[in-house]
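Here the sequence shown is numbered in my numbering, starting from 215 and rising by one per residue. Quick reminder that beta carbons are idealized off the backbone N, C-alpha and C, glycines included.
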Amino acid sequence: MFMFKKGEGLVRATTAQKGFTLLELLIVITVLAILSVVLIFVLNPTEILAKSRDTQRISDLSTLKTAIAIYMSTVSGPQLDGTSGTVNDKCDGGTAANEELWLSINTTAGGGESITDATPPTGWTQAATSWEQNASTTGATLIDGSGWIPINLGAITGGSPISNLPLDPTNDLSTTTGSDTSTAAVLNNGALMYRYACKKTPASFEIDSRLESGSYGVGGSDDRSAKDGGNNSNLFEMGTGLTILPGTNDF
215 MFMFKKGEGL VRATTAQKGF TLLELLIVIT VLAILSVVLI FVLNPTEILA KSRDTQRISD
275 LSTLKTAIAI YMSTVSGPQL DGTSGTVNDK CDGGTAANEE LWLSINTTAG GGESITDATP
335 PTGWTQAATS WEQNASTTGA TLIDGSGWIP INLGAITGGS PISNLPLDPT NDLSTTTGSD
395 TSTAAVLNNG ALMYRYACKK TPASFEIDSR LESGSYGVGG SDDRSAKDGG NNSNLFEMGT
455 GLTILPGTND F
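Dropping the structure here:
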């Protein structure tokens with residue numbers, strides 16, 4: 215309380231400082247907690263991250279498609295199945311029981327696992343486990359034909375348009391989606407990895423990925439696997455031959 219003069223008299227004034235009561239603080243904290251829960255539910259960070267990975271997968275496959283298409287159009291006698299041996303003999307349509315599927319996961323590092331599945335995709339005749347090829351543990355991203363895609367992109371006139379082969383953002387055989395539980399012994403479309411295969415005649419290729427988000431994944435609101443023009447409803451397919459790999463759930 216204080217006094218000051220105003221004209222001839224004294225005027226008494228009072229300043230009152232009022233703080234938050236305990237009840238008011240509890241109400242504010244409760245409201246903030248409720249808003250936080252609602253925000254998490256609405257934003258769904260798990261779905262946001264999954265959709266971000268799917269966006270990366272779609273971009274990666276588009277990048278690979280462009281790079282391989284440039285290779286095929288600029289290199290004489292393009293080899294889509296390695297840097298040696300009979301050209302494209304390991305592609306579909308090559309020597310009987312010779313077709314191979316190349317995978318972006320390696321045998322050990324970063325979730326990799328040596329695949330032991332001895333049953334090739336439906337319609338393929340390759341024997342034992344030699345139908346699938348794990349990526350190199352140390353050189354999976356190389357573009358000289360020794361990376362997980364066996365094409366020497368460095369042979370492109372003017373140089374390769376990419377410096378490294380992209381890998382699936384998860385790239386882990388043990389991380390699968392939905393009810394499709396893939397293992398080293400029994401592969402299926404659920405594994406979060408990239409897949410590559412080629413065809414001898416006409417020379418063509420296919421690159422596949424499993425999408426995982428509620429938006430872009432199988433049965434999602436914007437199911438990209440259902441819109442890619444391919445024959446497999448479980449995988450997002452890109453390339454110049456979208457029926458090279460079968461529409462089955464066994465690779």
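Whole-angstrom C-beta distance between Thr462 and Glu426, which should lie under 8 Å: Not a contact, Cβ separation roughly 20 Å.
Cα-Cα separation, Met217 to Phe234: In this prediction, Met217 has a pLDDT of 47, which is less than 50 and means its spatial position is unreliable; nothing more can be read from the coordinates.
Cα-Cα separation between Lys265 and Leu275, rounded to whole angstroms: Taking the CA atoms as reference points, Lys265 sits about 15 Å from Leu275.
Reduced DSSP secondary structure (H/G/I, E/B, other) of Arg267: Three-state DSSP puts Arg267 in a helix.
Alpha-carbon spacing of Val245 relative to Val252, whole angstroms: When the Cα atoms are used, Val245 and Val252 turn out to be separated by approximately 11 Å.
Residues near Lys279 by beta carbon distance below 7 Å, same chain, minus five either side: Around Lys279: Ile421, Met452, Gly453.
Those residues which DSSP pairs with Leu317 across a bridge: In DSSP, Leu317 forms a bridge with Arg409.
Beta-carbon spacing of Thr336, Ser328 below 8 Å: Going by C-beta atoms, Thr336 is not nearer than 8 Å to Ser328.
Collapsed DSSP secondary structure at Leu387 in the structure displayed: Leu387 carries a strand assignment under DSSP once its states are collapsed to helix, strand and coil.
Spatial neighbours of Asn302 in its chain, beta-carbon cut-off 7 Å, leaving aside the 5 residues before and after: Counting only Cβ-Cβ distances below 7 Å, and skipping sequence neighbours, we find Gln293, Leu294, Asp295, Gly308, Cys412, Lys414, Ala417.
Own chain, CB closer than 6 Å to Asp442, minus 5 neighbours either side, in chain order: Around Asp442: Phe450, Glu451.
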